[in-house]
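Trainee: One structure follows; several queries about it will come next.
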Amino acid sequence: MKKIASALLSVYYKDGLEPIVRLLHEQGVTLYSTGGTQTFIEQLGIPVIPVEDLTGYPSIFGGRVKTLHPAVFGGILYRRDNPGDAAQAEQHSIPAIDMVVVDLYPFEETVASGASAEDIIEKIDIGGISLIRAGAKNFADTLIVSSRNQYADVLTILTAKTGSTDLNDRRRYAQEAFATTSHYDTAINGYFLDSPQSVLRYGENPHQSATFYGDLDAMFDKLHGKELSFNNLVDVDACIQLIDEFSDDTATFAIIKHTNACGIATASTAKEAYLNALACDPVSAFGGVVVTNRPVDLGTAEELNKLFMEILIAPDFAPEALSLLQSKKNRILLRRKPVELPTKLVKTILNGVLEQDKDNRTETGADFTVVTEKAPTESEVRALEFALKVCKHTKSNTIVLAREGQLLASGVGQTSRVDALKQAIEKAHAFGFDLTGSVMASDAFFPFPDCVEIAAKAGITAVVQPGGSIRDADSISFCNQNGLAMVTTGVRHFKH
433 MKKIASALLS VYYKDGLEPI VRLLHEQGVT LYSTGGTQTF IEQLGIPVIP VEDLTGYPSI
493 FGGRVKTLHP AVFGGILYRR DNPGDAAQAE QHSIPAIDMV VVDLYPFEET VASGASAEDI
553 IEKIDIGGIS LIRAGAKNFA DTLIVSSRNQ YADVLTILTA KTGSTDLNDR RRYAQEAFAT
613 TSHYDTAING YFLDSPQSVL RYGENPHQSA TFYGDLDAMF DKLHGKELSF NNLVDVDACI
673 QLIDEFSDDT ATFAIIKHTN ACGIATASTA KEAYLNALAC DPVSAFGGVV VTNRPVDLGT
733 AEELNKLFME ILIAPDFAPE ALSLLQSKKN RILLRRKPVE LPTKLVKTIL NGVLEQDKDN
793 RTETGADFTV VTEKAPTESE VRALEFALKV CKHTKSNTIV LAREGQLLAS GVGQTSRVDA
853 LKQAIEKAHA FGFDLTGSVM ASDAFFPFPD CVEIAAKAGI TAVVQPGGSI RDADSISFCN
913 QNGLAMVTTG VRHFKH
């Protein structure tokens, strides 16, 4: 175990940083920082040493050079158990830096926003990526935190180990750091190679022109079929976002239509998962996009081949399965490759661009707060977890009805939550599902008790929703009177 005595913090995004700063201060860690991060720490009333006090140089060239100095990199890189390194550090008054918290300028987001070449170049991080590589290289002595997505885990480690880390912690963070720098440099390389782009036949509709900017070959091997269209790409993205919610431990199949799941199921085999997904809405499945997290074998392929689908995405295909599926001329078959996906979402709107974090929250039973007298059973909890994953990736307003491992129906993109529920119930009944004992998930709170009243009449026995309505008590009271279990998560999942 190594005790953290000093830390350098220099980040672009400050959200989520405060708890780490406060914990380090409480644990007696000496803090060094630069620029905006230094100001952020000072505004918390916590002592911080400017990096300039270490280097003897101010930030120069418009902030292009701040941390690039032996006093900083020496403190990160010198080997604590090497007598020669330790002697040189003492000779040159270089203090050890045991922890580095740094992120990178938003290069990809800047490119995607349509910014000028000058602005894009300024978002090529030099000092940050150098600090990450230095901290990762010397993981034997230094903890490198290279993403705000790691903050919660860092807090857990430092709290549990009272300000210390072990070699496994530091090595794991080093690996994640090198993954970060690799992805970042690849994006920059792609920009200077005049990033790959594909002119599509047309956009969302035939009268709209469209271009895809990105390297699809890095993400998929296209094994068969015609070129991907604009709408294909949008649905493929929806498929990937949804399937990634599910563990590879269990076979999962999803069928997407206009970015919403018209069928999804998990099962012990791929074939069973597919058949259960198809059963949800075999009408909408026609012409859909299908995705799975399991290699496609011949038995599964024989069932898939009965359906007219635009695209099938899988991690792999058995040779005989591939041969069968290639019998349909235009069917697109994609073999997925492991590629890190962006953590930001960018959208043009009005006369500008909206940027937001990707919705990375996925609640489990551990996040549920039981608010009714009756608690959900273990099976209902698993069904609620399943329903929430689907709900998160369905257009709002949405209601999702499910049982453990299978979507039964969903109400999609309705202006009223009641309408979404009625639509879901009607669809479930249309395809022969008995909703008795099923569960319901809502992407947002219930403003009135009408949804739980309708759900109870349909036979639904457990409900999950964010909570937070001033009328929550009305819905909870009805559930108590009618034997329904309700849990809240405190997290809304609107999707527009």
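Numbers in the numbering used here are just positions in the sequence shown, counted from 1, shifted up by 432.
Note that the Cβ used here is the ideal one computed from N, Cα and C, for glycine as well.
For R767, which three-state DSSP category applies?
Mentor: In the structure shown, R767 sits in a strand (DSSP, three-state: E or B).
Trainee: Taking the straight line between their C-alpha atoms, what separation do you get for S525 and A503?
Mentor: If I take the Cα positions, the gap works out to 8 Å.
Trainee: Going by DSSP, which residues form a beta bridge with N692?
Mentor: Its beta-bridge partners are K689.
Trainee: Looking at L757 and L766, is the spacing between their C-beta atoms short of 9 Å?
Mentor: No; because the gap between Cβ atoms is not below 9 Å, this pair is not in contact.
Trainee: Using the beta-carbon count (16 or more within 10 Å), is G468 buried or exposed?
Mentor: By the 10 Å Cβ count, G468 comes out exposed.
Trainee: Give, in chain order, every unbroken run of the beta strand (DSSP E) that is at least 3 residues long and sits entirely within the region 898-926.
Mentor: Listed in chain order, the complete beta strand (DSSP E) runs (minimum 3 residues) inside the region 898-926 are 917-920.
Trainee: Identify which residue in L916, G567, G657 has its Cα closest to the Cα of A890.
Mentor: If we check each option's Cα against that of A890, L916 comes out closest.
Trainee: Would you say V443 reaches chain B, if we count a Cβ-Cβ gap shorter than 9 Å as a contact?
Mentor: Although the question refers to chain B, the structure presented lacks it and comprises just one protein chain.
Trainee: How about R849 and S870: do their beta carbons lie closer than 9 Å?
Mentor: Contact: no.
Trainee: Is E858 buried or exposed, if buried means 16 or more other CB atoms sit within 10 Å of its CB?
Mentor: So E858 ends up on the exposed side.
Trainee: Note down, in chain order, each residue of its chain lying with its Cβ closer than 8 Å to the Cβ of H928, except the 5 sequence neighbours on either side.
Mentor: K827, S828, listed in sequence order.
Trainee: With DSSP collapsed to three states, give me the class of K761.
Mentor: Residue state, collapsed to three classes: coil.
Trainee: For T588, count the other beta carbons within 10 Å of its own beta carbon; 16 or more makes it buried, fewer makes it exposed. Which is it?
Mentor: Classification of T588: exposed, given that the 10 Å Cβ count is below 16.
Trainee: Please state if the CB of T574 and the CB of I508 are separated by a distance shorter than 9 Å.
Mentor: Their beta carbons are under 9 Å apart, which means I508 touches T574 by this criterion.
Trainee: Quick check on the DSSP output: the alpha helix (DSSP H) that includes K859 runs from which residue to which?
Mentor: Element bounds for K859: 849-862.
Trainee: When the Cα of L777 is compared with those of K654, L563, E787, which residue comes out closest?
Mentor: Of the listed residues, the one whose Cα sits closest to L777 is E787.
Trainee: If you follow the beta strand (DSSP E) that E450 is in, where does it begin and where does it stop?
Mentor: First-last for E450: 450-458, but that is the alpha helix (DSSP H), not the beta strand (DSSP E).
Trainee: If you count every other CB in all the chains shown that lies within 10 Å of the CB of Y605, and 16 or more means buried, which is it?
Mentor: Y605 is buried by the Cβ-count criterion.
Trainee: Would you give the residue range spanned by the beta strand (DSSP E) that M741 belongs to?
Mentor: Where M741 is concerned, the enclosing beta strand (DSSP E) stretches over 741-746.
Trainee: So who's on the other strand from F644, going by DSSP bridges?
Mentor: Answer is S630.
Trainee: Quick check: what's the CA-CA separation for G900 versus A528?
Mentor: Each residue's alpha carbon lies about 48 Å from the other.
Trainee: Let me know the secondary structure DSSP gives H615 once reduced to three states.
Mentor: Helix.
Trainee: Taking the Cβ atom as the reference point for each residue, do T466 and S442 lie within a distance shorter than 9 Å?
Mentor: For T466 and S442, yes; Cβs fall inside 9 Å.
Trainee: Using CA coordinates, which residue listed in V785, P515, T893 is at the minimum distance from V813?
Mentor: Among V785, P515, T893, the Cα nearest to that of V813 is on T893.
Trainee: Among F740, M872, T847, H825, which residue has its Cα nearest to the Cα of L840?
Mentor: Comparing Cα-Cα distances from L840 to each of F740, M872, T847, H825, the minimum goes to M872.
Trainee: Could you say which of G843, P774, H925, L744 lies nearest to E541 if we only look at CA atoms?
Mentor: Of the candidates G843, P774, H925, L744, the one whose C-alpha sits nearest the C-alpha of E541 is P774.
Trainee: Using 10 angstroms around the beta-carbon of K769, count the other beta-carbons present and answer buried if the total reaches 16, otherwise exposed.
Mentor: Exposed.
Trainee: Rounded to the nearest angstrom, what separates V723 and R924 at their Cα positions?
Mentor: Rounded to the nearest angstrom, the two C-alpha atoms are 26 Å apart.
Trainee: Using the rule of at least 16 other Cβ atoms within 10 Å of the residue's Cβ for burial, across every protein chain shown, is H825 buried or exposed?
Mentor: Buried, since its Cβ has 16 or more Cβ neighbours within 10 Å.
Trainee: Taking a contact to mean a Cβ-Cβ separation below 9 Å, would you say A834 touches A852 in this structure?
Mentor: Not closer than 9 Å, so no.
Trainee: Can you give me the Cβ contacts of R793 inside the same chain, cut-off strictly under 7 Å, excluding the 5 residues immediately before and after it?
Mentor: The answer, listed in chain order, is V923.
Trainee: Could you check whether V721 and L744 sit closer than 9 Å to each other, using their CB atoms as the reference points?
Mentor: Yes; because the gap between Cβ atoms is below 9 Å, this pair is in contact.
Trainee: Report the rounded CA-to-CA distance for I436 versus S596, giving the unit in angstroms.
Mentor: Those two C-alpha atoms are separated by around 6 Å.
Trainee: Could you tell me the alpha carbon to alpha carbon distance between D866 and G837, rounded to whole angstroms?
Mentor: Going from the Cα of D866 to the Cα of G837 covers about 15 Å.
Trainee: Quick check on the burial criterion: 16 or more other C-beta atoms within 10 angstroms. Buried or exposed for E805?
Mentor: Exposed is the call here.
Trainee: Return the first residue and the last residue of the alpha helix (DSSP H) that S661 is part of.
Mentor: Where S661 is concerned, there is no enclosing alpha helix (DSSP H), given that its DSSP letter is neither H nor E.
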